[in-house]
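Enquirer: Structure below; questions to follow.
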Amino acid sequence: MTHETKLLDQPGPPTTVRWMLFYSLQPILLALVVAYWYVDPGRPETYVVVIVAVQLILGLTEHIVPARPSWNTTLTEKAGNAVLVVLLTTVAGYVGVLYYAVLAEPLSELRAALHLDVWPHEWPLIAQLFLVFFLSEFLWYWMHRAEHRWSLVWRLSGHGAHHSFKRLGALNFGLNHPVEYFFIVLPSAIVELTFGVGYAAAGAAVFSVTQASIAHSNIHLNTRWIGLLFTTNKYHICHHSAVLEESNTNYGCSAIVWDRVFGTFLDKHIDEAGTGPTEPSLWEKFIMPIKDPEDTAIAPNAGS
Ligand SMILES: [Zn+2]
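The numbering of the sequence shown is my numbering, which starts it at -5 and goes up by one.
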């Protein structure tokens, strides 16, 4: 009996439903999101509509067919996390506005000075979407790797707060320290403003947020083929391991191809998530840019 068969053969919905979700949930959800954006690529409300719809679909699926039943959160915990995600997504929006105000002009001048006016606006929009996506993910890969490599960057970004959860679910995509949004929003802002991308940037944003939600979800999903380029929750949950060696892998939160290229890819089922044996309180998470929890095992300076 394979690992997949064991996990899918549990009480609850019929095995056929589990197999259908296993193979089709991620590709179908991504295709629907891209199709919705493509109908009207400049629609301002698309980003929020996609987040709400994706969270409802993944949240309901996690509740009915959880990969790890012990990771299921109560309705009260889900509501608390949802309020935090709304607040933190608002922070992300303001950071985006700030970056636009500060960076649009200098990066536009840089484009002119360095003759970077090379964006393929004539390409089909979908192809442009994937170009923005993989370029932004390339920058994020190195920023995220730096967060895990250097104590100063780990602290400044408050990235430990995102890793401190012992149980993961789709909502964890948005449970980051408020200061980390200055890091998270930066790669796509640089790509969009340096190359003058246009509508494809909005498509890449909804694709990326859907991927990040799936990557944290507590649902058993297939990794074959789709996991060559795009991350899956198995790979990303491995990055959330409470074991340092497992955590220092799979830095791509939406794409996995850069981990494969730069040698940090790991395909492993982990036993335990979090920064250490216990989950810090909300306050301890908030002060992580100043102080790591006593029992942290995955901070860059842990054990030293
Ligand atoms: Zn990380």
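Glycine residues also receive a C-beta, built at the ideal position from the N, C-alpha and C atoms.
Everything numeric in this text was worked out from a predicted model, so none of it was measured.
1) Do the segment 177 to 195 and the segment 130 to 137 meet, that is, are 3 or more Cβ pairs less than 8 Å apart?
2) Could you tell me the alpha carbon to alpha carbon distance between Ala25 and Leu19, rounded to whole angstroms?
3) Which whole runs of the alpha helix (DSSP H) in the segment 157 to 238 are 4 residues long or more, in chain order?
4) Alpha carbon to alpha carbon, how far is Pro271 from Ala86?
5) What's the call for Pro38, buried or exposed, on a 16-neighbour Cβ count within 10 Å?
6) To the nearest angstrom, how far is the alpha carbon of Leu260 from that of Asn244?
7) Helix, strand or coil for Thr(-1)? Go by DSSP, reduced to three states.
8) When the Cα atoms are used, what is the spatial distance from Cys232 to Gly257?
9) Three or more beta-carbon pairs under 8 Å between the segment 236 to 252 and the segment 83 to 99, yes or no?
10) Going by the C-beta, is Glu240 closer than 7 Å to any heavy atom of ligand 1?
11) Closer than 7 Å to a non-hydrogen atom of ligand 1 - does that hold for the CB of His142?
12) Please state if the CB of His171 and the CB of Ala155 are separated by a distance shorter than 8 Å.
13) Given Thr290, which residues of its chain have a CB within under 8 Å of its CB, disregarding the five upstream and five downstream residues?
14) State the CB to CB distance for the pair Pro299 and Gly197, rounded to an integer number of angstroms; the pair is presumed to be in contact (CB under 8 Å).
15) Inspect the beta-carbon positions of Val255 and Leu169 and report whether they are closer than 8 Å.
16) Express the C-alpha separation of Glu240 and His263 in angstroms, rounding to a whole number.
17) If you draw a straight line from the C-alpha of Val59 to the C-alpha of Val112, how long is it?
18) Counting only C-beta atoms, is Val147 closer than 8 Å to chain B at any point?
19) Do Phe167 and Val203 have their C-beta atoms within less than 8 Å of each other?
20) Less than 8 Å between the beta carbons of Ala236 and Ala195, yes or no?
21) Helix, strand or coil, according to DSSP, for Ala249 in the structure here?
22) If you draw a straight line from the C-alpha of Ile120 to the C-alpha of Ile178, how long is it?
23) With a CB to CB cut of under 6 Å and the five nearest residues on each side skipped, what residues in its chain are close to Met(-5)?
24) Report the rounded CA-to-CA distance for Val293 versus Phe124, giving the unit in angstroms.
25) Decide if Val48 is buried, meaning its Cβ has at least 16 other Cβ atoms within 10 Å, or exposed.
26) Compute the distance between the beta-carbons of Val173 and Ser151, then report whether it is under 8 Å.
27) From the DSSP output, in three-state form, read off Ala267 for me.
28) With DSSP as the reference, label Glu71 as helix, strand or coil.
Expert: Taking the geometry as given:
1) yes
2) Here residue 25 refers to the residue found at position 31 of the sequence shown. Here residue 19 refers to the residue found at position 25 of the sequence shown. Taking the straight line from one Cα to the other gives about 10 Å.
3) 175 to 178, 180 to 189, 194 to 210, 220 to 223, 227 to 233
4) As a working note, residue 271 is residue 277 in the sequence shown. As a working note, residue 86 is residue 92 in the sequence shown. The straight-line gap from Cα to Cα measures roughly 30 Å.
5) In the sequence shown, the residue the question calls residue 38 occupies position 44. Exposed, because fewer than 16 other Cβ atoms sit within 10 Å of the Cβ of Pro38.
6) As a working mapping, residue 260 is identified with position 266 in the sequence shown. As a working mapping, residue 244 is identified with position 250 in the sequence shown. Their Cα atoms are separated by approximately 6 Å.
7) Mapped onto the sequence shown, residue -1 falls at position 5. For Thr(-1), the predicted structure reports a pLDDT of 49, less than 50, and the residue's modelled location is therefore unreliable. A value from the coordinates is still provided. Here Thr(-1) sits in helix by DSSP.
8) On the sequence shown, position 238 is the one that residue 232 refers to. On the sequence shown, position 263 is the one that residue 257 refers to. Roughly 15 Å separates the two Cα atoms.
9) no
10) In the sequence shown, the residue the question calls residue 240 occupies position 246. Because no heavy atom of ligand 1 lies under 7 Å away, the Cβ of Glu240 does not count as near it: no.
11) Within the sequence shown, residue 142 is the residue found at index 148, counting from 1. Yes, the beta carbon of His142 sits closer than 7 Å to at least one heavy atom of ligand 1.
12) Working through the sequence shown from its first residue, we reach residue 155 at position 161. Working through the sequence shown from its first residue, we reach residue 171 at position 177. Result yes, Cβ atoms of Ala155 and His171 sit closer than 8 Å.
13) Indexing the sequence shown from 1 puts residue 290 at position 296. Taken in chain order, the residues that qualify are Gly154, Thr269, Gly270, Ala296.
14) Because the chain spans -5 through 298 in this model, residue 299 falls outside it and cannot be assessed.
15) The residue you call residue 255 lines up with position 261 of the sequence shown. The residue you call residue 169 lines up with position 175 of the sequence shown. Result no, Cβ atoms of Val255 and Leu169 do not sit closer than 8 Å.
16) For the purposes of this step, residue 263 is taken as the residue at position 269 of the sequence shown. For the purposes of this step, residue 240 is taken as the residue at position 246 of the sequence shown. Computed Cα separation, rounded: 10 Å.
17) Here residue 59 refers to the residue found at position 65 when the sequence shown is read from its first residue. Here residue 112 refers to the residue found at position 118 when the sequence shown is read from its first residue. Approximately 46 Å between the Cα atoms of the pair.
18) Among the protein chains of the structure shown there is no chain B, as only one such chain exists.
19) The sequence position of residue 167 within the sequence shown is 173, counting from 1. The sequence position of residue 203 within the sequence shown is 209, counting from 1. Result yes, Cβ atoms of Phe167 and Val203 sit closer than 8 Å.
20) For this step, residue 236 is matched to residue 242 along the sequence shown. For this step, residue 195 is matched to residue 201 along the sequence shown. Going by C-beta atoms, Ala236 is not nearer than 8 Å to Ala195.
21) The residue you call residue 249 lines up with position 255 of the sequence shown. If DSSP states are grouped into helix, strand and coil, Ala249 belongs with the strands.
22) Taking the first residue of the sequence shown as position 1, residue 120 is located at position 126. Taking the first residue of the sequence shown as position 1, residue 178 is located at position 184. Computed Cα separation, rounded: 23 Å.
23) Within the sequence shown, numbered from 1, the residue matching residue -5 stands at position 1. Residue placement at Met(-5) is flagged as unreliable, the pLDDT there being 43, under the threshold of 50; a coordinate-derived value is accordingly withheld.
24) As a first step, residue 293 must be located in the sequence shown, where it is residue number 299. As a first step, residue 124 must be located in the sequence shown, where it is residue number 130. In the sequence as presented, Val is not what sits at residue 293; that position holds Ala. Using only the alpha carbons, I get a separation of about 32 Å.
25) Taking the sequence shown and counting its residues from 1, the one referred to as residue 48 is at position 54. Answer is buried; the Cβ neighbour count reaches 16.
26) Here the question's residue 173 lines up with position 179 in the sequence shown. Here the question's residue 151 lines up with position 157 in the sequence shown. Yes. Within cutoff.
27) The residue labelled residue 267 in the question sits at position 273 within the sequence shown. Three-state result, Ala267: strand.
28) The residue given as residue 71 occupies position 77 in the sequence shown. In this structure, Glu71 counts as helix in the three-state DSSP scheme.
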